[in-house]
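*Asks:*
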Amino acid sequence: MHTNYQNYIDGQFDTNQAEVLIDVINPADETLVARIPESSRAAVDAAVEAARRAQPAWARLPAIQRADYLRKIAAKIREHKAHLAALITREQGKILPLAEVEVAFTADYLDYTAEWARRLEGEVLTSDRVGESIFLLRKPIGVVAGVLPWNFPFFLIARKLAPALLTGNTIVIKPSEETPANAYEFAKLVAEIDLPAGVFNLVGGRGATVGAQLSAHEHVNLVTFTGSVATGRRIMAAAANNLTRVNLELGGKAPAIVLADADLDLAAKAIWDSRIINTGQVCNCTERVYVERGIADAFSEKIIARMAATRYGDPSRETGLDMGPLINRAAVDRIDGIVRKAETQGARTALGGHPAARARGYHYEPTVLLNCRHDMDVMRHEVFGPVLPIQVVDSLDEAVALANDSEYGLTSSVFTRDLNAAMRAVHALAFGETYINRESFEAMQGFHAGRRHSGIGGADGKHGLYAFMETQVVYLQHD
Ligand code: NAD
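Just so we're aligned, residue 15 is where the sequence shown starts under the working numbering, counting upward by one.
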């Protein structure tokens, strides 16, 4: 049984059948989950125009009224949480408890953002002149295009939509073609409330077509994108023509540094959590470990035991799992290629290292690679799967230098009981986030922002909200 979905444009589901449809496949068993439209250029234009028409009236509403709509959407999500979580598991492959967390977090994120309605602030500046007041106003940017990845597809809708709408923008969302069904279910929930037409629009399609059209669209004022570095570059290039603003949340290669005095059980558990959550397909997942020589064997033994005990399978049919499949066949082949290359470069596969022997689905064995060196591809490029490469180091300074020597700069973590060492690491690490003695997973009130090729701008909390506004300074001469 699969569902055929239709775009949501200007407050209505499109009744025209698209000429080209995209199949959405369950990565655990390769069955068809849904079909979505590959939107025509005319459909994308209609969505942008609807957002553009709706924006001035939406911006005129008091923020507290815009916030009420976010709360209504959150309530609808909670009403339908079981259905939404099961669908996310089917189309994306994450285990059901994680899909349930994603749905609950999405509703909470909408409510959290709504709380900012009475806290959006401008500034009053000191004037150089007699009888003048200077005000700095913060205003919405206009029409936002949200281009989404597949790894936390439902949450990413809220991460784009909630701050955009609260601050008076309208939005066109393009979900990933791998995991769009949950976004269409989101649109059905929005259709049940009285959100003004055009404030939220959803168009399906591939990146090279619909994503590219949105990024280059003259009436899109901000493209907020989460996905790979390569796509981020394409979006920025497409946006350049109109000098459209971009906010890019891109890939990561998060280092975890384990010092000799660390609680090794805690470190092994936290790094395991950070490597197998969502089958290793998270931008802030631990992607490489630097462990001090004295405890390297003891730590490796513990993490290998944990990785070996990882239960994986089809999350729609099996319970008690730690992880599901990878997103598609290409991911299995890509990750297997990374492991083979690491072996030829001198790594030793201490665990796993192959596609899982299962009749169906895109499963990969939990894998640990020892004897890794900084010049190996597996230590430098994002894996995005359950593969953990470990390199032995001789000091904190060496670990920090290797951690920083990366094109990525999103997330980092440190395991130590020494407060001085932790703070030295914090000051030396050039990353947008640092986790001390815990797994990597950000909070909605934080600020998720990458350095270097991990992105431009950021999301969440106060600083994420202000990324959806621009300033106007008013010089008022009154005497
Ligand atoms: P992706 O870049 O392949 O695709 C993301 C989206 O971009 C999809 O909707 C796709 O259709 C669209 N797209 C593709 N080509 C396009 C183009 N030319 N123009 C416009 N849009 C285009 O990424 P993915 O595989 O869906 O996601 C995995 C990547 O996302 C990983 O690198 C991961 O680290 C990153 N990610 C980052 C964060 C973060 O917050 N920094 C969060 C989640 C995922």
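Quick reminder that beta carbons are idealized off the backbone N, C-alpha and C, glycines included.
For clarity, every value in this text was computed on a predicted model and none was experimentally measured.
According to the neighbour-count rule (16 or more other Cβ atoms, all chains shown, within 10 Å of its Cβ), is residue 269 buried or exposed?
*Replies:* With 16 or more Cβ atoms within 10 Å of its Cβ, residue 269 is classed as buried.
*Asks:* Is the Cβ-Cβ distance between residue 365 and residue 321 less than 8 Å?
*Replies:* For residue 365 and residue 321, yes; Cβs fall inside 8 Å.
*Asks:* Do residue 249 and ligand 1 come close, with the Cβ less than 7 Å from some heavy atom?
*Replies:* Yes, since a heavy atom of ligand 1 falls inside the 7 Å radius drawn around the Cβ of residue 249.
*Asks:* Per DSSP, what kind of secondary structure is residue 265 in: helix, strand or coil?
*Replies:* In the structure shown, residue 265 sits in coil (DSSP, three-state: anything other than H, G, I, E or B).
*Asks:* Reducing DSSP to helix, strand and coil, say where residue 459 ends up.
*Replies:* DSSP places residue 459 in coil when its eight states are reduced to three.
*Asks:* Within 10 angstroms of its Cβ, does residue 107 collect 16 or more other Cβ (buried), or is it exposed?
*Replies:* Under this definition residue 107 is a buried residue.
*Asks:* Once DSSP output is grouped into helix, strand and coil, what is the label at residue 153?
*Replies:* Strand.
*Asks:* Check residue 381 in the structure and name its three-state DSSP category.
*Replies:* The answer is strand: DSSP assigns residue 381 an E or B state.
*Asks:* For the structure I just gave you, are there three or more beta carbon pairs, one from the stretch 223-237 and one from the stretch 48-62, closer than 8 Å?
*Replies:* Yes, the stretch 223-237 touches the stretch 48-62.
*Asks:* Is residue 252 near ligand 1 - that is, is its Cβ less than 7 Å away from at least one heavy atom of it?
*Replies:* Yes, since a heavy atom of ligand 1 falls inside the 7 Å radius drawn around the Cβ of residue 252.
*Asks:* With distances taken from CA atoms, which of 475, 306, 464 is nearest residue 410?
*Replies:* It is 306 whose Cα lies nearest to the Cα of residue 410.
*Asks:* Ordered along the chain, which non-local residues of its own chain (more than five positions away) have a Cβ less than 6 Å from that of residue 475?
*Replies:* Around residue 475: 459, 460, 461.
*Asks:* Shortest alpha-carbon distance to residue 7 belongs to which of 171, 164, 167?
*Replies:* The chain is shown only over 15 to 493; residue 7 falls outside these bounds and no answer can be derived.
*Asks:* Determine whether the beta carbon atoms of residue 203 and residue 95 lie at a separation below 8 Å.
*Replies:* Cβ distance not < 8 Å, so residue 203 and residue 95 don't count as in contact.
*Asks:* Mind checking residue 154: buried by the 16 CB within 10 Å criterion, or exposed?
*Replies:* It counts as buried.
*Asks:* Are residue 442 and residue 414 close, meaning C-beta to C-beta below 8 Å?
*Replies:* Yes, these two residues count as a Cβ contact at 8 Å.
*Asks:* Relative to the C-alpha of residue 212, which residue among 138, 242, 65 is closest?
*Replies:* Out of 138, 242, 65, 65 has the C-alpha closest to the C-alpha of residue 212.
*Asks:* Look up residue 444 in the DSSP assignment and say whether it is helix, strand or coil.
*Replies:* Correct three-state label for residue 444: coil.
*Asks:* Just checking residue 327 against ligand 1 - is the residue's beta carbon closer than 7 Å to any of the ligand's heavy atoms?
*Replies:* It does not: the Cβ of residue 327 is nowhere closer than 7 Å to a heavy atom of ligand 1.
*Asks:* At a cut-off of 7 Å, would you count residue 240 as near ligand 1, judging by its Cβ distance to the nearest heavy atom?
*Replies:* Yes, Cβ of residue 240 sits closer than 7 Å to a heavy atom of ligand 1.
*Asks:* If I follow the unbroken alpha helix (DSSP H) through residue 405, where does it start and stop?
*Replies:* Counting along the chain, residue 405 falls outside any alpha helix (DSSP H), though it belongs to the beta strand (DSSP E) covering 401-407.
*Asks:* Going by beta carbon distance, what residues of the same chain come within less than 6 Å of residue 178, once the five residues before and after it are set aside?
*Replies:* Once the five neighbours on either side are set aside, the close Cβ partners of residue 178 are 158, 185, 482.
*Asks:* Apart from the five residues just before and just after residue 275, which ones in its own chain have a Cβ nearer than 8 Å to its Cβ?
*Replies:* The residues are 430, 431, 432, 435.
*Asks:* Any heavy atom of ligand 1 inside 7 Å of the beta-carbon of residue 465?
*Replies:* For ligand 1, not one heavy atom lies less than 7 Å from the Cβ of residue 465.
*Asks:* Count the other CB atoms, across all protein chains shown, that sit within 10 Å of the CB of residue 255; report buried if there are 16 or more and exposed otherwise.
*Replies:* Exposed is the call here.
*Asks:* What's the C-alpha gap between residue 258 and residue 145?
*Replies:* Their backbone Cα atoms lie some 37 Å apart in a straight line.
*Asks:* Strictly by DSSP, which residues pair up with residue 204?
*Replies:* Looking at the DSSP assignment, residue 204 forms no beta bridge with any residue, so it has no partner.
*Asks:* CA-CA distance, residue 420 and residue 267?
*Replies:* Taking the straight line from one Cα to the other gives about 8 Å.
*Asks:* According to DSSP, is residue 215 helix, strand or coil?
*Replies:* Strand.
*Asks:* Can you tell me whether residue 15 is buried or exposed? The criterion is at least 16 other CB atoms within 10 Å of its CB, across all chains shown.
*Replies:* Residue 15 comes out exposed.
*Asks:* Assuming residue 105 and residue 193 make a contact with CB atoms under 8 Å, what is their CB distance in whole Å?
*Replies:* That pair is a contact at about 5 Å.
*Asks:* Distance check for residue 241 and residue 163, CA to CA, integer angstroms please.
*Replies:* Cα to Cα, residue 163 sits roughly 5 Å from residue 241.
*Asks:* On the three-state DSSP scale, how would you describe residue 167?
*Replies:* Of the three classes helix, strand and coil, the one that applies to residue 167 here is helix, per DSSP.
*Asks:* Looking at C-alpha atoms only, which residue of 423, 345, 440 is the closest neighbour of residue 464?
*Replies:* When each option's Cα is compared against that of residue 464, the closest is 423.
*Asks:* Let me check you understand the geometry: is the CB of residue 420 closer than 7 Å to at least one non-hydrogen atom of ligand 1?
*Replies:* It does not: the Cβ of residue 420 is nowhere closer than 7 Å to a heavy atom of ligand 1.
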